[in-house]
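Data first, discussion second: the structure below is written as structure tokens.
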Amino acid sequence: DTAVSQTPKYLVTQMGNDKSIKCEQNLGHDTMYWYKQDSKKFLKIMFSYNNKELIINETVPNRFSPKSPDKAHLNLHINSLELGDSAVYFCASSATQETQYFGPGTRLLVL
Amino acid sequence: GNSVTQMEGPVTLSEEAFLTINCTYTATGYPSLFWYVQYPGEGLQLLLKATKADDKGSNKGFEATYRKETTSFHLEKGSVQVSDSAVYFCALSDLTDSWGKLQFGAGTQVVVTP
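In structure tokens, the structure reads:
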């Protein structure tokens, strides 16, 4: 059974386009996260939602907008994609302030 | 602020060798410490964790002890296998700060050769 799933797994797109990445968890967790992993494997948190409320918003360009329609879903919409947005984006979930479990990642390549 | 420093890779060793990956941290509160592993082309998996000083986390032959006096959480395995080739991330989560967001080290790539 998949615990944290993300779609799509791969995303190749042109500069300037708008794209969305979706995340779903079936663990019953109430907190979800988005992380970005750059080409050097460095991981940094972007956003976190607890019970559909935004609780962490790191220094991320306004072009990135998270949306949590319910506790089990956290989507990431990116406007006007730039070359520097190319990365692997990981979704994670946890019970409040407990261990985080990660999805398989979405590999975004902006051309 | 909180931070995690881990040894740079890649670390290359032969099968059955002893593995140590050093990890030190700085934190203002009382963090929980984690090791995550990322196999090629995959997401992150929790390898082990420790939530308070002197706790030892262990899993799949890997161990790490939370040492408050040296602010360290070094990962060790006595006899590695080719299947242990991966990137290993040390991380901390400080529950007194920002809802327990994970602060990661830079990752250490481990390559085990037959």
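Keeping their order, the protein sequence lines are chains W and L. Under the working numbering, the first sequence has 362 at position 109, and the numbering climbs by one with no breaks. Under the working numbering, the second sequence has 542 at position 21, and the numbering climbs by one with no breaks. Glycine included, C-beta positions come from ideal geometry on N, C-alpha and C.
Option in the options with minimal Cα separation from residue i
i, options, result
"I331 (chain W)", "W:T349, W:P319, W:I309", "W:P319"
"Y263 (chain W)", "W:T359, W:Q353, W:Q278", "W:T359"
"S579 (chain L)", "L:L565, L:G550, L:E590, L:E597", "L:E597"
"S604 (chain L)", "L:L534, L:G522, L:A612", "L:L534"
"H326 (chain W)", "W:M299, W:T349, W:V363, W:H282", "W:H282"
"N315 (chain W)", "W:L364, W:D338, W:K305", "W:D338"
"F583 (chain L)", "L:E590, L:H595, L:T591", "L:H595"
"E590 (chain L)", "L:Y546, L:T541, L:V525, L:M528", "L:Y546"
"K297 (chain W)", "W:K305, W:W287, W:N304, W:E306", "W:W287"
"G530 (chain L)", "L:K622, L:L623, L:S606", "L:S606"
"F317 (chain W)", "W:Q278, W:M299, W:E306, W:I308", "W:M299"
"T549 (chain L)", "L:T592, L:K581, L:V532", "L:T592"
Cβ of residue i within 8 Å of any chain L Cβ
i, result
"Y263 (chain W)", "no"
"I194 (chain W)", "Nothing can be reported for residue 194 (chain W), as the shown portion of chain W is limited to 254 through 364."
"F339 (chain W)", "With the sequence shown as reference, residue 339 (chain W) is identified as Ser, and Phe is not the correct amino acid for it. Cβ-Cβ to chain L under 8 Å: no for S339 (chain W)."
"F295 (chain W)", "yes"
"S317 (chain W)", "Reading the sequence as shown, one finds Phe at residue 317 (chain W) and not Ser. Judged by the 8 Å Cβ criterion, F317 (chain W) is not in contact with chain L."
"Q278 (chain W)", "no"
Residues bridged to residue i (per DSSP)
i, result
"R360 (chain W)", "W:Y263, W:V341"
"Y557 (chain L)", "L:L567, L:F610"
"M285 (chain W)", "W:Y302, W:S346"
"I542 (chain L)", "L:L596"
"T547 (chain L)", "L:S524"
"Q290 (chain W)", "W:L296, W:V341"
"F256 (chain W)", "The residue you asked about is not Phe; residue 256 (chain W) is Ala in the sequence shown. BP columns for A256 (chain W) are empty, so no partner."
Cβ-Cβ distance between residue i and residue j below 8 Å
i, j, result
"C544 (chain L)", "G628 (chain L)", "no"
"V601 (chain L)", "V558 (chain L)", "no"
"T249 (chain W)", "L567 (chain L)", "In the structure as shown, chain W starts at 254 and stops at 364, and residue 249 (chain W) therefore has no counterpart that could be examined."
"L426 (chain W)", "N270 (chain W)", "Nothing can be reported for residue 426 (chain W), as the shown portion of chain W is limited to 254 through 364."
"Y302 (chain W)", "S273 (chain W)", "no"
"F555 (chain L)", "K570 (chain L)", "yes"
"A340 (chain W)", "G356 (chain W)", "no"
"S614 (chain L)", "S524 (chain L)", "no"
"L540 (chain L)", "V631 (chain L)", "yes"
Neighbour flag for residue i against chain W, beta carbons, 8 Å
i, result
"K570 (chain L)", "yes"
"G599 (chain L)", "no"
"G628 (chain L)", "yes"
"L616 (chain L)", "yes"
"L567 (chain L)", "yes"
Chain W contact residues for residue i, given Cβ-Cβ distances below 9 Å
i, result
"E563 (chain L)", "P357, G358"
"L613 (chain L)", "Near L613 (chain L) there are no residues of chain W at all, since even the closest Cβ is about 12 Å away, more than 9 Å."
"V608 (chain L)", "K294"
Chain W contact residues for residue i, given Cβ-Cβ distances below 7 Å
i, result
"L623 (chain L)", "I298, Q353"
Interface residues of chain L facing residue i [CB-CB closer than 8 Å]
i, result
"Q267 (chain W)", "Neighbours of Q267 (chain W) on chain L: none; closest Cβ ~24 Å, over 8 Å."
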